[in-house]
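S.K.:
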Amino acid sequence: MNTIEIGKYIRNKRIKMHMKQKDLAEKLQISFQAVYKWETVTTLPDTSMLVDLSDLLEVTIDQILNAEVI
């Protein structure tokens, strides 16, 4: 698990789905700053958030954690 790649993966997938950080944050009921922190690898998504995040990004949790090519 490469944390830098996870952040890039989340960002790239979000952009590919035409979502802004604010859009993703609202759907997850979190602040857009939290999404920013994930994408800049200041923090990673909490494990409790991974199911909802994977559903919104239409990927599996494994794909997020392994930062699989989109």
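Numbering follows this note's numbering, with no gaps: position 13 of the sequence shown is 212. Beta carbons: idealized from backbone N, C-alpha and C, even for Gly.
Using 7 Å as the threshold, is the C-beta distance between Val240 and Ile203 below it?
M.R.: Walking along the sequence shown from the start, residue 240 turns up at place 41. Walking along the sequence shown from the start, residue 203 turns up at place 4. Result yes, Cβ atoms of Val240 and Ile203 sit closer than 7 Å.
S.K.: Determine the burial state of Lys212: buried for a count of at least 16 other Cβ atoms within 10 Å of its Cβ, exposed for fewer.
M.R.: The residue you call residue 212 lines up with position 13 of the sequence shown. Classification for Lys212: buried.
S.K.: What is the residue span of the alpha helix (DSSP H) that Val250 lies within?
M.R.: Taking the sequence shown and counting its residues from 1, the one referred to as residue 250 is at position 51. Where Val250 is concerned, the enclosing alpha helix (DSSP H) stretches over 249 to 256.
S.K.: Does DSSP put Leu223 in a helix, in a strand, or in coil?
M.R.: As a position in the sequence shown, residue 223 is number 24, starting the count at 1. Residue state, collapsed to three classes: helix.
S.K.: For Tyr208, collect the residues of the same chain with a Cβ closer than 7 Å to its Cβ; drop the 5 residues on either side in sequence, then sort them by chain order.
M.R.: The residue labelled residue 208 in the question sits at position 9 within the sequence shown. The answer, listed in chain order, is Ile263, Ala266.
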